[in-house]
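Residue 199 in numbering that gives the first Met the number 0 sits at position 200 of the sequence shown; the count goes up by one each step and never skips. Where is the CB? At the ideal position from N, CA and C, for every residue including glycine. Because the structure is a prediction, the values reported are computed rather than measured. Below is one structure, written out as C-alpha cells; comments come after it.
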Amino acid sequence: MTTSVPAAPETAAAAAQAAGRRRRIALAVVLTAAFMDLVDATIVNIAIPSIQRDTGATFSAVQWVTAGYALAFALGLITGGRLGDIHGRKKLFLLGMGGFTLASALCGFAAGPGMLVGARVLQGAMAALMVPQVLAIIHVTFPAHERGKVFGMFGAVIGLGAVCGPLIGALLTEGNLFGLEWRPIFLINLPVGIAGILLGRRFLTESSAPRALRVDLIGTALATAGLLMLLYPLTQGRESGWPLWGFVSMAASPVVLAVFVRYERAKARKDGSPLVELPLFRIRTFAAGAGVQLTFGVVSGLFFLIWTLHMQLGLGWGPLHAGLTGVPFSLACSAAAGVSVQRLVPRFGRKVLQAGALIMLSGALVYLWEAGHYGTALESWQLAPAMLLMGGGMGLIVAPITDTVISEVPAEHSGSASGIFNTTGQLGMALGLGLSSVAFFGVVGDTGQPGGAGAGAGAADALRASFVDATAHALWWVCGGLVLVFGLLFLLPRRIRAQEEAERAEPAAPEGGAGPEQRQPALAP
C-alpha cells in the first residue's frame with residue numbers, strides 16, 4: 000500500500016507567494032491613503048481663487064478651507080493613533096478612509112463656503128484616523144528584513160505626492176470637467192477611496208497594541224478650545240472690524256492652554272496616558288526642535304497661501320500656469336530632501352538644516368525683490384530662481400528634522416515624541432494660515448472680497464497691485480520666521496547620535512499612532 004504525500008516545498012512556496020501578493024496589495028492600499036492625504040493638502044491651494052469666485056467666499060472662509068483641515072488633522076493625530084492601537088488599526092484605517100471619502104464628496108457638492116469649511120474640517124478629522132495607522136500597518140505586515148525597502152517606497156510616495164498634488168489640482172481646475180470648475184479636486188477621491196476600502200477589507204491584517212495608551216478626550220477638548228480661542232478671532236477679526244470679544248478670546252486662550260497643561264500633568268500621574276507627555280519638553284533639544292517645527296509650520300502655512308494668491312490674483316495667471324510655476328519648487332525640495340538624509344546630515348549634522356534655513360531665506364529675499372521690481376509684470380521664468388532656492392532649502396530641513404530632534408529622546412519615548420512633533424508642525428501651519436489675516440489680507444483690504452472691487456480695467460489693475468503689495472508685506476513676515484528658525488536650530492545637537500542610525504534601520508510601530516512618519520508641510524501651492 001502506498002501513501003501519496005504532497006510536496007511540502009511546493010506547498011510552502013505557493014503559500015509564501017500568496018502571502019507576498021497579499022502584502023503587496025496591502026502596501027498599495029496604505030500608500031494610496033498616504034498619497035491621498037498629502038495630495039489633498041496640496042491640491043486645494045491651487046484652486047482657492049476659483050473657489051472664491053464660484054462660491055463668493057470671503058477671505059476668512061478661504062483661510063478656514065485650508066486651516067480647518069490642518070487644525071482638525073493636528074488635534075486628532077495622536078488620538079487617532081491611540082484609537083487604532085486600542086480598537087484595531089485595520090478597523091480605524093477603514094473607518095478613516097470611509098469618512099475621508101464621504102467628506103470629499105461633501106466638499107465636492109458643497110452648496111456654499113460654510114458647508115465647504117465644515118466638510119474640510121471633517122476631512123481633516125478623518126485623515127487623523129487614517130494616516131496614523133499607515134506605518135503601524137506596514138510594521139506588522141512586513142518582516143524586518145523587508146521594512147527598509149518598504150519605508151523607502153513610502154518616502155518616494157510622499158515626494159511624488161508633493162510634486163503631483165499641485166499639478167493634479169491645476170489640471171482638474173483648469174479643465175473644468177463637466178462644468179464643475181474646482182469641484183473635481185475633491186470628487187476624484189471618491190473612486191480611489193471606494194477601491195481602497197474594498198481592497199483594504201480583504202487584504203489588510205488586523206492588529207492592535209498589547210498595551211495601548213488610553214484616549215485623553217478631556218485633554219483633546221481643552222487643547223481644541225484653547226487653540227480655537229486664538230485662531231477664530233485671529234482669522235475672523237479683520238473682517239469683523241477687530242471687535243472686543245476677539246481680543247478677550249485671544250487673551251483667554253493662554254489661560255485655557257495653561258489649564259490643559261495642568262490637566263495633562265494630573266492625567267500622567269493618574270493613569271500614565273496624557274495626550275502630551277510634558278516631560279519630553281525638559282529635554283532641551285526636543286523643546287527647541289518643537290519650537291523649530293512650530294515656527295517652520297507657521298512660515299510654510301503663510302507662504303503657500305500667499306504664493307498661490309499672488310500668482311493667480313496678483314499676476315493674473317490661471318491655475319495650470321501657477322501649478323507649472325511651482326514645479327521647480329517641488330522638484331528642488333524632493334531632491335534636496337533625499338540628499339540631506341542620505342549624505343549630508345550624517346556628515347555635517349545640524350549645519351545642513353541651518354544651511355536650509357539660510358537658503359530659504361535667500362529665496363524669500365529674491366522673491367521679495369522680484370515682486371517689488373517687476374510688480375504685476377513678473378514672469379514664471381523670473382520667479383524660477385526664488386522657487387529653486389525656497390524648495391531646495393525646505394528639502395534640507397523637512398526630511399532630517401524629526402530624526403535630528405528625537406535623537407536625544409529615550410528610545411522608549413520616541414513614538415510619543417514623533418507624534419507630538421508632527422502635531423506641532425500641523426498646528427504651526429494652521430497658525431500661519433490664521434496669521435495671514437494680518438500679514439497678507441490686512442494689506443489687500445476689502446478690494447479683494449467678492450464684489451469689493453469696482454468695475455473696469457482700472458479697478459482690476461488696482462486689485463492686482465494690492466495683491467502684489469500684500470505679497471511683499473507677507474514675505475517680510477516669512478523672512479522673519481526663517482531667521483527665528485535659523486536661531487533655534489543652534490539649540491539642536493550638532494550630530495545625530497550613532498545609535499540612532501541603527502534605530503532608524505528598523506522603525507518601531509508608532510506609539511499612539513505617531514511613529515517615525517514625517518508628514519511634510521504642503522510642498523507646493
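Taking the straight line between their C-alpha atoms, what separation do you get for residue i and residue j?
| i | j | result |
| --- | --- | --- |
| A523 | A321 | Low confidence applies here, because A523 scores a pLDDT of 43, under 50, leaving its location unreliable and the question unanswered by this model. |
| G547 | W316 | In the structure displayed, the chain extends from 0 to 524; residue 547 sits before or after that span and is not available. |
| Q341 | V258 | 42 Å |
| F99 | G123 | 8 Å |
| A469 | G374 | 11 Å |
| A40 | A127 | 13 Å |
| E499 | G75 | Confidence is the limiting factor: at E499 the pLDDT is only 45, short of 50, which leaves the residue's position unreliable, though a coordinate-based value still follows. Rounded to the nearest angstrom, the two C-alpha atoms are 28 Å apart. |
| L491 | A13 | 51 Å |
| A15 | A135 | 22 Å |
| L189 | A32 | 12 Å |
| G117 | I217 | 22 Å |
| R146 | R22 | 12 Å |
| R503 | G348 | A caution first: R503 carries a pLDDT of 46, below 50, which makes its placement in the model too unreliable to give a value. |
| V247 | E238 | 17 Å |
| L367 | V482 | 15 Å |
| G225 | V344 | 37 Å |
| L212 | I45 | 39 Å |
| I47 | V61 | 7 Å |
| V214 | G80 | 9 Å |
| V443 | S465 | 5 Å |
| A17 | L198 | 15 Å |
| A287 | E173 | 43 Å |
| T223 | F153 | 30 Å |
Measure the CB-CB distance between residue i and residue j and report whether it falls below 7 Å.
| i | j | result |
| --- | --- | --- |
| M428 | A69 | yes |
| S415 | E276 | yes |
| L432 | T65 | yes |
| T307 | G480 | no |
| F92 | Q132 | yes |
| A471 | G392 | no |
| A102 | M125 | yes |
| F185 | G290 | no |
| G394 | F328 | no |
| G362 | V467 | no |
| V139 | S206 | yes |
| A71 | L426 | no |
| A169 | P318 | yes |
| V38 | G164 | yes |
| F292 | G160 | Rather than Phe, the amino acid found at residue 292 in this sequence is Gln. Not a contact, by the Cβ cut-off of 7 Å. |
Compare the Cα-Cα distances from residue i to each of the options and report the closest residue.
| i | options | result |
| --- | --- | --- |
| E263 | P253, L274 and V254 | L274 |
| R200 | L105, L94, H138 and V297 | L94 |
| M359 | C332, Y373, A459 and V344 | C332 |
| T204 | L26, A118, P384 and M386 | L26 |
| A334 | T422, R493, I24 and I157 | I157 |
| F440 | G271, G355, Q425 and G240 | G240 |
| T219 | A169, S272 and I305 | S272 |
| C478 | L314, I24 and V298 | V298 |
| P209 | I85, H412 and Y366 | I85 |
| M386 | K89, F303 and P399 | F303 |
| P142 | G19, V408, A459 and S252 | G19 |
| V397 | L352, L426, V365 and L434 | L352 |
| G355 | E369, S339 and R346 | S339 |
| I196 | A169, I24, G300 and V408 | I24 |
| R463 | W476, H309 and E407 | H309 |
| I193 | H412, D53, G97 and A250 | G97 |
| A337 | A155, G83 and G111 | One detail in the question is off: residue 337 reads as Gly in this sequence, not Ala. Among A155, G83 and G111, the Cα nearest to that of G337 is on A155. |
Please classify residue i as buried or exposed, where buried requires at least 16 neighbouring CB atoms within 10 angstroms.
| i | result |
| --- | --- |
| G55 | exposed |
| K148 | exposed |
| V404 | buried |
| K269 | exposed |
| P183 | buried |
| F485 | buried |
| V254 | exposed |
| L388 | buried |
| I400 | buried |
| D402 | buried |
| M228 | buried |
| E378 | exposed |
| T10 | exposed |
| I419 | buried |
| A454 | Caution applies to A454, whose pLDDT of 49 falls short of 50 and renders its modelled position unreliable; the model cannot decide the point. |
| W244 | exposed |
| R346 | exposed |
Regarding residue i and the ligand GTP, is the C-beta to nearest heavy atom distance less than 6 Å?
| i | result |
| --- | --- |
| C478 | The model on display carries no ligand, and the ligand GTP is accordingly not part of it. |
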